[in-house]
Amino acid sequence: MEEVIVRAESPEDVKAIDVVNLSAFEGDAEAQLVDAVRRSPDFIRDLSLVAEINGRIVGHLLLSKAALEGEGGRKSVLVLGPMSVVPSQSHRGIGVALMQAAVNRARDMRYTAIVIAGRPDYYERFGFKPGSEFSISTNLPVPEDAVTAMELVSGALAGGGRVVYPAVFEAIY
Ligand SMILES: CC(C)(COP(=O)(O)OP(=O)(O)OC[C@H]1O[C@@H](n2cnc3c(N)ncnc32)[C@H](O)[C@@H]1OP(=O)(O)O)[C@@H](O)C(=O)NCCC(=O)NCCS
Numbered sequence: 000m001e002e003v004i005v006r007a008e009s010p011e012d013v014k015a016i017d018v019v020n021l022s023a024f025e026g027d028a029e030a031q032l033v034d035a036v037r038r039s040p041d042f043i044r045d046l047s048l049v050a051e052i053n054g055r056i057v058g059h060l061l062l063s064k065a066a067l068e069g070e071g072g073r074k075s076v077l078v079l080g081p082m083s084v085v086p087s088q089s090h091r092g093i094g095v096a097l098m099q100a101a102v103n104r105a106r107d108m109r110y111t112a113i114v115i116a117g118r119p120d121y122y123e124r125f126g127f128k129p130g131s132e133f134s135i136s137t138n139l140p141v142p143e144d145a146v147t148a149m150e151l152v153s154g155a156l157a158g159g160g161r162v163v164y165p166a167v168f169e170a171i172y
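Here it is as structure tokens:
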């Protein structure tokens, strides 16, 4: 397989990321979500990652900021989504490359945990565990077993709590 380069998005990539999200999902809700997060204070450019093959963007993964509200107060965590690979390039490990880069970068940037709402079948292979193991829930209308999480720092999710996704996420769930 050709070399897959994973890097942070740059301003010139916005249109190509839009195309990836429009091709991977039905409808434009995820593409709109990415635009909305990008305009928000929860956006982290270094954690909006693109996968490139031969200079063409074929995948995208977004990690952004959310709050974990627990008994001990409010902590900052990352939420993952959306993540997309163009259908013509799927099942070639591009998703794996994006996810590994995202986890490594997030850890290097000293974020302490990543939470995902949706597709636990796909994400558990990367070491994400059911949210119930950490006693975490979210403000999104998703089934409890759809939530998975990974601690980047051991004990970061201890005590659990409610992950409050920014309002822009509510539109797509
Ligand atoms: C989910 C999604 C991001 C996965 O991207 P991907 O690049 O196809 O992911 P991978 O290639 O890493 O893994 C997908 C499958 O290919 C397999 N695979 C990985 N590398 C492979 C390779 N070199 N050869 C053959 N198969 C491979 C994986 O084992 C996995 O198999 P399984 O899911 O049947 O168990 C992509 O399918 C997508 O964009 N889907 C639509 C949007 C979506 O649902 N996003 C997630 C929710 S936000």
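Numbering follows numbering that gives the first Met the number 0, in which position 138 of the sequence shown is assigned residue number 137; successive positions increment by one, without gaps. Using N, Cα and C, we set each Cβ at its ideal position, and we do this for glycine too. Since this is a predicted model, take the numbers as computed values, not measurements.
heavy atom of ligand 1 below 8 Å from residue i C-beta
| i | result |
| --- | --- |
| Met82 | yes |
| Ala15 | no |
| Gln31 | no |
| Ala96 | yes |
| Gly117 | yes |
| Phe168 | no |
Sequence-distant residues of its chain with Cβ nearer than 6 Å to residue i (five each side left out)
| i | result |
| --- | --- |
| Ser136 | Arg161 |
| Val152 | Thr111 |
| Ser83 | Val19, Asn20, Ala23, His59 |
| Lys74 | Leu67 |
Counted within 10 angstroms of its Cβ, other Cβ atoms place residue i as buried (16 or more) or exposed
| i | result |
| --- | --- |
| His90 | exposed |
| Gln88 | buried |
| Ser47 | buried |
| Asn103 | exposed |
| Asp41 | buried |
| Pro142 | exposed |
| Met108 | exposed |
| Pro165 | buried |
| Glu173 | One cannot answer for residue 173 here, as it falls past the ends of the chain, which runs 0 to 172. |
Nearest candidate by alpha-carbon position, reference residue i, set the options
| i | options | result |
| --- | --- | --- |
| Gly80 | Tyr121, Arg55, Arg106 | Tyr121 |
| Pro10 | Ile52, Asp27, Asp45 | Asp45 |
| Gly94 | Arg73, Gly71, Phe125 | Phe125 |
| Ile171 | Ala15, Val13, Asp34, Ala7 | Asp34 |
Other residues of its chain near residue i: CB distance less than 7 Å, five sequence neighbours each side excluded
| i | result |
| --- | --- |
| Ala100 | Val5, Leu48 |
| Asn53 | Glu1 |
| Asp12 | Val49, Ile56 |
**Continuous alpha helix (DSSP H) assignments of at least 4 residues falling wholly in the stretch 6-40** = 13-23, 28-37
**Message:** Which runs of the beta strand (DSSP E) at least 3 residues long sit entirely within the stretch 39-80? Give them in chain order.
**Reply:** 47-52, 55-69
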